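Chains as they are written, first to last, in this note's numbering: chain A, 742 to 1003; chain B, 60 to 378; chain C, 101 to 310. The beta-carbon is built from N, C-alpha and C at its ideal position, and this holds for glycine as well. All values reported here derive from a predicted model rather than from experimental measurement.
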Amino acid sequence: MLADVAHDTNNDPAIEFRHVSYELPSGQVILEDFNLQVRRGEILVLLGRSGSGKTTTLKLVNRLLAPTRGEIQVAGDFGDDVIRLRRSIGYVIQEVGLFPHFTVERNIGVVPRIEGWPKERMHARTRELLQMVGLDAALASRYPHQLSGGQRQRVGVARALAADPAILLMDEPFGALDPLTRDELQREFIALQQRLHKTVLFVTHDLNEALRLGSRIALMEAGKLITVLPPEEFLRSDDALAAAYVRAFASGLNSSGKRGAS
Amino acid sequence: MTLRRITARQMRQFVTLFIASSTLVLSSACSSSHSDRIVIGSKNFTESLILGELMAQQIVAHTNLRVERRFYLAGTYICHQAILGGRIDIYPEYTGTALTAILKQRPGADRKQIYEYVKGEYEKRFDLTLLPPLGFNNTFAMEIRGEDARRLQLKMLSQAARYAPQWRAGFGYEFMERPDGYQGLAAAYGLRFASSPRVMDLGLLARALKDRQIDMAAGNATDGLIPALDLFVLDDDRHYFPPYEAVPVVRSETLRRHPELADALARLGGKISDGEMQQLNYDVDGSHRDVKDVAHDFLKKKGLLEPASSTPAAGNLAQ
Amino acid sequence: MNLLHFLLQNHQEVLELTLEHLWLVAASTLIAVLLGVPLGILIAHRPPFSKPVLTGANIIQTVPSLALFGFLLPVPWLGDRAERLAILALTLYALLPVVRNTYTGIRGVDPAVVEAGRAMGLTPRQLLTQVELPLAVSVILSGIRVAVVISVGLATIAAAVGAGGLGELIFRGLAMVNNQLILAGAIPAALLALLADFGIGLLERRLRPR
């Protein structure tokens, strides 16, 4: 049930959007004829301003929203079973959404628990994950309200990774953190991804973050996909919107962008 | 503290406590046995109190049972519910009231028939037993001033109907409203008064009659003030009013457990006449004597406190 | 004082009526919770129904209690036994606080938490029992507390239609102009209400999530 990186057919995309449209009941169009393939093991960043439809796109993958037209294919044999689909996909959001009445350990173990993992296995996995996201094992018995913002989001990531999903959906996960913590978490996430090779669909409106984390950047505007480019090409792109973005973030380019400046 | 941990442990404690207390409450609510205690109820007017007190003292005198009084219950329905629910074991009711208010039947005129019918229905439907009637009929009474009765030689309502056009009538609210009240009466006797009847509080009717503000009133046959104010009750010769015989109503279950109750209360059967009830009512309402004393004196006078070794006639001769 | 002496002498009757009173309150509150909490959950998850249901419960609450008892008296099966109609009436009055607080409690759960739960693959039932209800339980209890306190008060009026309970002492005391009797009914009733308020309030506080 959990997609196994080893036995995939390498060229099949992990996620595919085919002519997907999403309309609100009021008639407002959020996504229009959206086509995109997300390759296995890549971090695809959805970049755009508020209202461009990026969060909607994300939610269509784990069926929190259903498309008005078109289809989204996710690698793995899920059929109509939305629950199984969701349990095979990790989800990290900006507000984190940890259960306030569960300890850190229980929060991380939500999916393993409902999947019926034996206690020792859950316990071991929690330790492993806490270490992976850089948290002290002693925090396992604390409650979310006792943690800092950065610590909470680390737990959020650990929780998403608990059942070892092949796909991670992340919606501006570091947006609510202070710049120092954000920087820290971004670096650590890159390191983590080098170990785990998850397929990541990452939403942000921050070009710096996109350049730093993404293996490809998909630029969205008003519900349409404008262009999909690797970071270096994005910086040099002729596309009007992409160029506008680059200009707007020009100040940021001179600082510690991993992919460097002009 | 942690929501989860508290929930599990506290919940168990809470649930246990809840179940324990519910069981306690339910079991006590369900059991209507007062062991050796008999609870007597009454409605909230003087006559009912007196009857309740008479029954209570009778039981104390002739059985080993402890008696508890729950008087002043606010009406027929309340008493009925209380006896059904086992909160009281006995209370004094009227056959006519039981017929119309509880059994919801149209009133008839035959005393015996109504008594038998009510007795049967009560046993069948409610497992309640009616003991023999106490002897008086507290029906509606059409009253006129004693002097008018003597002067015009009036004894019956049909006779008095002739003078109605010259008279003013006064009635209580209930009598005006009930279909078996004024409307039916006027039809039955062809009563037509000078002007529409005055409506006022029951307690004021007797005074108004005495003070010549009205000439005919609808009161209760056992009103204490009737002899006191020299009022005369016209005979209902056309038998318009249904009978309201006073009867003790007892839970059959209580009777089964304490058969001696039946004997003790049956001795009251037929012992109170209309006139005697009037007098008792007056003693309490008019003379302001204590209900307990009034009841005790009456029972003594009638020899009802004596043990039931001899026939009632012989017992009475003893005084 | 006289009252104490009176209570000691008549403790059996007062105790009996207190238990009767508790029975009326407990039965009606239990039914209200069994009906009201699921109903509250339903309308919290389906907002279009919330308005009619809450309005309906509100209307019931607005009907004066004695009037409601009066309405129910002529009803065939109900009116025959005062306890039945009293329990029904008390249940109806307890519904609004329970339904409304369940609704508010569930709606009040952090949407991010609910979204995270759904996205993780919790079934609607798991979401309800593991996340929404535990987080809403304090608010729901608050509604139950209000319902119980209201019921204790209304149950005293139920005596007016023959349902028994401590109200019977009050009414009899009024008819006899006997203050001791009135207090013998009123004080235990007030104590019951205070106890319930305090006790459930304690539980509420312990269960409130951080």
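Look up residue i in the DSSP assignment and give the residues it is bridged to.
| i | result |
| --- | --- |
| arginine 810 of chain A | A:Ser762 |
| glutamine 778 of chain A | A:Glu757 |
| arginine 125 of chain B | B:Arg96 |
| lysine 965 of chain A | A:Glu962 |
| aspartate 294 of chain B | B:Met215 |
| aspartate 912 of chain A | A:Ile834 and A:Val944 |
| isoleucine 203 of chain B | B:Phe291 |
| asparagine 196 of chain B | B:Glu304 |
| arginine 988 of chain A | Beta-bridge pairing links arginine 988 of chain A to no other residue. |
| glycine 156 of chain C | Looking at the DSSP assignment, glycine 156 of chain C forms no beta bridge with any residue, so it has no partner. |
| proline 151 of chain B | B:Pro307 |
| methionine 275 of chain B | B:Ala228 |
| lysine 102 of chain B | B:Leu132 |
Would you tell me roughly how many angstroms separate the C-alpha atoms of residue i and residue j, rounded to the nearest one?
| i | j | result |
| --- | --- | --- |
| aspartate 960 of chain A | phenylalanine 915 of chain A | The sequence given here places leucine at residue 960 of chain A; aspartate does not occur at that position. About 19 Å. |
| aspartate 704 of chain A | arginine 827 of chain A | In this structure chain A extends from 742 to 1003, so residue 704 of chain A is not present and cannot be described. |
| methionine 742 of chain A | arginine 825 of chain A | Unreliable placement is indicated for methionine 742 of chain A, whose pLDDT of 40 sits below 50; the coordinate value is still reported in the next sentence. Near 8 Å, if we compare the C-alpha coordinates of arginine 825 of chain A and methionine 742 of chain A. |
| leucine 139 of chain C | glycine 299 of chain C | 25 Å |
| isoleucine 257 of chain C | alanine 189 of chain C | 11 Å |
| arginine 923 of chain A | asparagine 848 of chain A | 22 Å |
| serine 91 of chain B | isoleucine 147 of chain B | Summary for serine 91 of chain B: the model assigns pLDDT 44, below 50, so the residue's position carries little reliability; its value from the coordinates is reported in the next sentence. When rounded, the distance between both Cα atoms is 9 Å. |
| lysine 102 of chain B | leucine 241 of chain C | 41 Å |
| aspartate 912 of chain A | valine 248 of chain C | 45 Å |
| asparagine 123 of chain B | alanine 289 of chain C | 34 Å |
| leucine 222 of chain C | alanine 878 of chain A | 26 Å |
| proline 197 of chain C | isoleucine 141 of chain C | 13 Å |
| valine 833 of chain A | proline 152 of chain C | 37 Å |
| isoleucine 282 of chain C | alanine 260 of chain C | 14 Å |
| proline 301 of chain B | leucine 135 of chain C | 48 Å |
| alanine 267 of chain B | alanine 280 of chain B | 17 Å |
| aspartate 352 of chain B | glutamate 268 of chain C | 26 Å |
| histidine 842 of chain A | proline 885 of chain A | 8 Å |
| alanine 157 of chain C | phenylalanine 271 of chain C | 29 Å |
| proline 148 of chain C | leucine 154 of chain C | 11 Å |
| glutamate 836 of chain A | alanine 865 of chain A | 27 Å |
| alanine 276 of chain B | leucine 290 of chain B | 10 Å |
| valine 277 of chain C | alanine 133 of chain B | 13 Å |
| tyrosine 241 of chain B | isoleucine 273 of chain B | 15 Å |
| glutamate 365 of chain B | tryptophan 123 of chain C | 44 Å |
Among the options, which one has its Cα closest to the Cα of residue i?
| i | options | result |
| --- | --- | --- |
| glutamine 778 of chain A | A:Tyr832, A:Glu836, A:Gly850 and A:Leu970 | A:Leu970 |
| arginine 207 of chain C | C:Leu233, C:Leu307, C:Leu196 and C:Leu274 | C:Leu233 |
| tyrosine 986 of chain A | A:Ala904, A:Asp947, A:Arg847 and A:Ala881 | A:Asp947 |
| alanine 228 of chain B | B:Ile203, B:Arg237, B:Gln218 and B:Asp207 | B:Ile203 |
| glutamate 264 of chain B | B:Tyr232, B:Leu108, B:Glu335 and B:Gly194 | A quick correction: the sequence has leucine, not glutamate, at residue 264 of chain B. When each option's Cα is compared against that of leucine 264 of chain B, the closest is B:Tyr232. |
| histidine 355 of chain B | B:Phe104, B:Met275 and B:Leu113 | B:Leu113 |
| valine 252 of chain C | C:Ala296, C:Phe149 and C:Leu107 | C:Ala296 |
| methionine 336 of chain B | B:Val350, B:Ala323 and B:Leu324 | B:Val350 |
| leucine 291 of chain C | C:Phe106, C:His121, C:Gly179 and C:Arg272 | C:His121 |
| isoleucine 187 of chain C | C:Ser238, C:Val249, C:Leu107 and C:Ala126 | C:Ala126 |
| proline 906 of chain A | A:Glu764, A:Glu773 and A:Arg781 | A:Arg781 |
| glycine 334 of chain B | B:Ala141, B:Gly243 and B:Leu193 | B:Leu193 |
| alanine 120 of chain B | B:Val353, B:Ser332, B:Lys330 and B:Leu324 | B:Leu324 |
| isoleucine 331 of chain B | B:Ile137, B:Asp207, B:Ala267 and B:Pro307 | B:Pro307 |
| aspartate 322 of chain B | B:Leu190, B:Arg266, B:Ile161 and B:Arg251 | B:Leu190 |
| asparagine 1063 of chain A | A:Lys965, A:Val770, A:Pro972 and A:Arg977 | Here chain A comprises residues numbered 742 to 1003, so residue 1063 of chain A is not present and cannot be evaluated. |
| arginine 200 of chain C | C:Gln161, C:Gly179 and C:Ala219 | C:Gln161 |
Is the Cβ-Cβ distance between residue i and residue j less than 8 Å?
| i | j | result |
| --- | --- | --- |
| glycine 265 of chain C | alanine 255 of chain C | yes |
| phenylalanine 758 of chain A | isoleucine 830 of chain A | no |
| alanine 286 of chain C | asparagine 110 of chain C | no |
| alanine 951 of chain A | valine 786 of chain A | yes |
| glycine 100 of chain B | tyrosine 150 of chain B | yes |
| threonine 940 of chain A | leucine 788 of chain A | no |
| serine 762 of chain A | glycine 811 of chain A | yes |
Touching by the beta-carbon criterion (3+ pairs, under 8 Å), the segment 170 to 190 of chain B and the segment 299 to 308 of chain C: Between the segment 170 to 190 of chain B and the segment 299 to 308 of chain C there are fewer than three C-beta pairs closer than 8 Å, too few to call the two in contact.
When you compare the segment 161 to 173 of chain C with the segment 230 to 245 of chain C, are there three or more beta-carbon pairs, one atom per stretch, that lie closer than 8 Å? Verdict: no, contact absent.
Would you check if there are 3 or more beta carbon pairs closer than 8 Å linking the segment 834 to 853 of chain A to the segment 923 to 934 of chain A? Touching, no, given that fewer than three Cβ pairs across the two stretches are closer than 8 Å.
Tell me whether the segment 175 to 186 of chain B and the segment 337 to 348 of chain B touch, counting them as touching only if at least three CB pairs, one residue from each stretch, are closer than 8 Å. Inter-segment contact for the segment 175 to 186 of chain B and the segment 337 to 348 of chain B is absent: fewer than three beta-carbon pairs are separated by less than 8 Å.
Is there contact here, the segment 246 to 257 of chain B with the segment 151 to 169 of chain B, by at least three beta-carbon pairs under 8 Å? The segment 246 to 257 of chain B, when compared against the segment 151 to 169 of chain B, does not touch it at the 8 Å Cβ threshold.
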